[in-house]
């Protein structure tokens, strides 16, 4: 699919071959599904997922998401590293929160 009708989003499947299977979206590392065997060895889902990429981006932007490039806030959307001040998008009341507007 495509996020916001533009960014291509792929679904990667990781399968252990022993009943553990994860599906991860290339849009922010969203854990789309996780299946593990129960005590009888029967595989079953253990996380909820949404049917379409637009459901993640438009209706539930943090559902299943891994926190962005950093957690918490960066004050005023700027930080200094090795003597260079970097400016990043401020997406929460003048501060950068959890990776900015695009995670």
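Numbering (the working numbering), first residue to last: 221 to 323.
Glycine residues also receive a C-beta, built at the ideal position from the N, C-alpha and C atoms.
Notebook entry, point to check: At which residues does the beta strand (DSSP E) containing residue 318 begin and terminate?
Noted result: Premise fails: residue 318 is in no beta strand (DSSP E) and is neither H nor E.
Note to self: Taking contact to mean 3 or more Cβ pairs, one atom from each stretch, closer than 8 Å, check whether the stretch 251 to 271 and the stretch 231 to 240 are in contact.
What the structure shows: yes
Notebook entry, point to check: Taking C-beta to C-beta, are residue 315 and residue 295 nearer than 8 Å?
Noted result: yes
Note to self: One question on the structure: do residue 244 and residue 285 come within less than 8 Å of each other, judged by their Cβ atoms?
What the structure shows: no
Checklist line | Range of the contiguous beta strand (DSSP E) that encloses residue 299 | finding: 298 to 301
Margin query: Using a Cβ-Cβ cutoff of less than 7 Å, which residues in the same chain neighbour residue 280 once the five nearest sequence positions on both sides are dropped?
Written below: 270
Margin query: In the DSSP output, what is residue 241 paired with across the bridge?
Written below: 235 and 255
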